[in-house]
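Peer 1: Have a look at this one.
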Amino acid sequence: MKNKNYGKNSSLSRRIFLASGALSAVGLSSAVCMAKSAHAANSASGGNGEYMVLNPQGIRQERERIPLSPSLKDLKGKTVYFVCQDKPVQTRELANRLRKRIPETEVIFRMKQGWVGSDDTELIEELKHKANAMVYGTAIGGGSGKYAVGWISELEKLGIPSVYVVGEALVQDVEASSSMFGMPSMRTAITPLVPEEKVTEDISDEKYDAVISAIIKALTNPLTEEEKKTGKMFTEKLPRIAMSGTLDEVQDYFYRQGWTDGLPVIPPTEEKVREMLRRTSHAPDKVVTSVMHPEELTVTVEKTAIVGVMAGCRPEYMPALLAIVETYGNPAFTHAARSESSFSIMTFFNGPIRHEMKMNPSTNALGPGNQANASIGRFLSLAAIALGGSRPIVNNMSALGNPTRYSLCFPEYEEESPFEPYHVSRGFDRKESVVSMAAGGWCRSSILGDLDRIAATVAGFSLDMGGIVLMDPDAARLYQSKSMSKQDIEQYIQRTAIPQRRDPSPRWFRLDFLPTVGGAYNDPLKDPRCAVKLVIVGGKTILPNAQVWEYGQPISTSVDKWR
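For reference, each letter of the sequence shown is one residue, going 5 to 567 in the working numbering.
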């Protein structure tokens, strides 16, 4: 059947091309082939110039609703804990002001020890035995906010009424986190969000009084029927078919639903998705992960295929896409998905899968031009949005954003590397296909492969973050000629960087949190999170070249099990 809109919509080939390559130009012949393929799929989907497209949303599983613990009649004679993770000045000031407002209340201030995701079981036990109520004073959202909400939900289950003091710019993010945990009516008090050193001068007595009044009200007001509710949440089932419409209508609908990265997508028709599914032995309804970040949604094999089509991926990429989704469900990426620190994910491949997908490990490997590098990298960005429920301001709090969120995917150049491949150093067999993913994405430095300069850059990284050095084969061979192994290079960079990191205090501004809380980051040499990893990638250059990126330790997953 002829597509009636094909001749009328002269931009079809161009839009299909843009969507298929994401940020790259994969070539005119590729664009024409994809346009013809999409035209054929369009006709097979019912004709009349319409696409019947599948729903790319991740599945939110039913959750037991958490009712709020009973409110207190008043705070007189009660013990109220003020707990904070990274806003001690403001939280302590709130504690002091509640003590002055109600002298009969015993107010205890505590810093929650460890990283934001730490349990601090000692403090939990103290609260269980002594607290009548708790005020969590982090005043921020993002990754920290998600952990804080989880902590508060556990206290509510223990019968300790708790209030989250949240910064005014982060209310939507905290609401999203509380709903995700099954506690949509969580008690909150909104505060101005200012740097710690500005607390005294920027928050007036009137504003403090308003926050204190909100805290008292949240802890003492009788519960509403909504706050008492129990039972199941998220019981509505998603329709499998999202909509039918022309190419432009599909683009507009997906954009309005918040399912795209802002660029055009390939319409995920039944036939296109079926082609993807043929490249894996796993059933379409098999669960790949039940904690797709940031909303911890469930993703099946078919849902993965749908987003793969949208990103412009070819069917032979399917096992790699499934391995990416499985890896991204790892708790290591929980904080990165929501943080205001503008995280991104670096994705790289080892083993035979690189050749099967025709990835580019050589010149311009990190740039545009190769369909596999570009579309697989874009897939992860779309997966976080469509499958994970990521939304700017709601639960993606990236303050500046990060261009590498669009696509940062490449293969290691094993054939030109003088060293063992990265996956072999992680214990995998050389012939096994592996994907590795790391969270971070800041402080990129392009230099002439000089190890001392690389170390100076690493010295400026956060104390709890390592680094990934991407080095071209010529530079790697240069160091091998000096009798250095890959491990020698990594250890030299780390040893050289450590003396420059001994004093972590900023010179030009003050941080609102203490990087040495709990002593977790006191010795970067012994902290595996601070390790430097070397990956060989890139083509010929006049001078040896290397880049160092501030990324945490990669999580590696076998691709072969998803074939």
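C-beta: ideal position from N, C-alpha, C; glycine also.
Looking only at its chain, what residues have a beta carbon closer than 7 Å to the beta carbon of V311, apart from the 5 residues adjacent to it on each side?
Peer 2: P60, F383, L386, A387, A390, L391
Peer 1: Hey, V303 and H286 are a contact pair by Cβ (cut 8 Å); roughly how many whole angstroms apart?
Peer 2: 12 Å between Cβ atoms; not a contact.
Peer 1: To the nearest angstrom, how far is it from the Cα of S411 to the Cα of S208?
Peer 2: 44 Å
Peer 1: Got a sec? Which residues, its chain only, sit under 6 Å from M350 by beta carbon, not counting five neighbours each side?
Peer 2: L412, A442, Y555
Peer 1: What are the partner residues of Y496, as DSSP defines its beta bridges?
Peer 2: None; Y496 has no bridge partner.
Peer 1: In the region 312-337, which residue ranges form an unbroken alpha helix (DSSP H) of at least 4 residues, counting only runs that do not cross its ends?
Peer 2: 322-332
Peer 1: With distance defined between alpha-carbon atoms, name the residue in G431, V269, E126 nearest to G316.
Peer 2: The closest CA to that of G316, considering only G431, V269, E126, is found on V269.
Peer 1: Check for me: the alpha helix (DSSP H) holding V269 runs from which residue to which?
Peer 2: Segment: none, V269 is in no alpha helix (DSSP H) and carries neither H nor E.
Peer 1: For Y257, report the span of its alpha helix (DSSP H) as first-last.
Peer 2: Segment 251-260, the alpha helix (DSSP H) holding Y257.
Peer 1: What first and last residue would you give for the alpha helix (DSSP H) that runs through R103?
Peer 2: 92-105
Peer 1: What ranges does the alpha helix (DSSP H) occupy inside the region 370-430, keeping only unbroken runs of at least 4 residues that lie completely in it?
Peer 2: At a cut-off of 4 residues, the continuous stretches assigned as alpha helix (DSSP H) that sit fully inside the region 370-430 are 375-386, 426-429.
Peer 1: How would you label R244, buried or exposed, when you count the other beta carbons within 10 angstroms and need 16 or more for buried?
Peer 2: Under this definition R244 is an exposed residue.
Peer 1: Would you report the Cα separation of Y496 and D456, rounded to the nearest angstrom?
Peer 2: 9 Å
Peer 1: Quick one, which of V178, I70, P407, R64 has its alpha-carbon nearest K232's?
Peer 2: I70
Peer 1: What first and last residue would you give for the beta strand (DSSP E) that runs through R114?
Peer 2: 110-115
Peer 1: Among the residues of its own chain, which have a CB less than 6 Å from the CB of W263, if the five just before and after it don't count?
Peer 2: P60, A390
Peer 1: According to DSSP, is K236 helix, strand or coil?
Peer 2: strand
Peer 1: Find out if the Cβ-Cβ distance for the pair L101, D206 is shorter than 9 Å.
Peer 2: A small fix is needed here, since residue 101 is Arg in this sequence, not Leu. No, the Cβ-Cβ distance between R101 and D206 is not below 9 Å.
Peer 1: Express the C-alpha separation of A137 and I106 in angstroms, rounding to a whole number.
Peer 2: Take the alpha-carbon of I106 and the one of A137: they are about 14 Å apart.
Peer 1: Name the residue from A336, R191, E320, E299 whose alpha carbon lies nearest to the alpha carbon of R395.
Peer 2: Of the candidates A336, R191, E320, E299, the one whose C-alpha sits nearest the C-alpha of R395 is E299.
Peer 1: Under a Cβ-count criterion, where at least 16 other Cβ atoms within 10 Å of its own Cβ denotes burial, should P335 be classed as buried or exposed?
Peer 2: exposed
Peer 1: Count the other CB atoms, across all protein chains shown, that sit within 10 Å of the CB of S450; report buried if there are 16 or more and exposed otherwise.
Peer 2: Counting other Cβ atoms within 10 Å of its Cβ, S450 stays below 16 and is therefore classed as exposed.
Peer 1: Which whole runs of the beta strand (DSSP E) in the region 51-81 are 3 residues long or more, in chain order?
Peer 2: 55-58
Peer 1: Applying the criterion that 16 or more other CB atoms from any shown protein chain within 10 Å of the CB defines a buried residue, is K574 buried or exposed?
Peer 2: Since the first and last residues shown for the chain are 5 and 567, residue 574 lies out of range.
Peer 1: Between the Cα of F238 and the Cα atoms of K104, A193, M187, which residue gives the shortest distance?
Peer 2: M187
Peer 1: Going by DSSP in three states, F432 sits in which element: helix, strand or coil?
Peer 2: coil
Peer 1: For the alpha helix (DSSP H) containing A463, name the first residue and the last one.
Peer 2: Boundaries of the alpha helix (DSSP H) harbouring A463: 455-463, taken from the DSSP string.
Peer 1: Would I357 and A309 qualify as a contact pair, given that the criterion is a beta-carbon distance under 9 Å?
Peer 2: The criterion of a C-beta distance shorter than 9 Å is not satisfied by I357 and A309.
Peer 1: Starting from I128, trace the alpha helix (DSSP H) both ways and give me its first and last residue.
Peer 2: Counting along the chain, the alpha helix (DSSP H) containing I128 begins and ends at 125-134.
Peer 1: Can you give the Cα-Cα distance for L518 and R96, rounded to whole angstroms?
Peer 2: Summary for L518: the model assigns pLDDT 40, below 50, so the residue's position carries little reliability; its value from the coordinates is reported in the next sentence. Those two C-alpha atoms are separated by around 15 Å.
Peer 1: For the region 363-371 against the region 541-553, do three or more pairs of beta-carbon atoms, one drawn from each stretch, fall closer than 8 Å, so that the two count as touching?
Peer 2: yes
Peer 1: Can you tell which of K435, A550, L174 has its C-alpha closest to the C-alpha of P477?
Peer 2: A550
Peer 1: Examine the Cβ distances between the region 158-165 and the region 193-204 and report whether three or more of them are shorter than 8 Å.
Peer 2: no
Peer 1: Is the distance from the Cβ of S466 to the Cβ of N406 below 9 Å?
Peer 2: no
Peer 1: Would a C-beta distance cut-off of 9 Å place E158 and L72 closer than the cut-off?
Peer 2: No, these two residues do not count as a Cβ contact at 9 Å.
Peer 1: For T338, count neighbouring C-beta atoms within 10 Å of its own C-beta (all shown protein chains included) and say buried if the count is 16 or more, exposed if not.
Peer 2: buried
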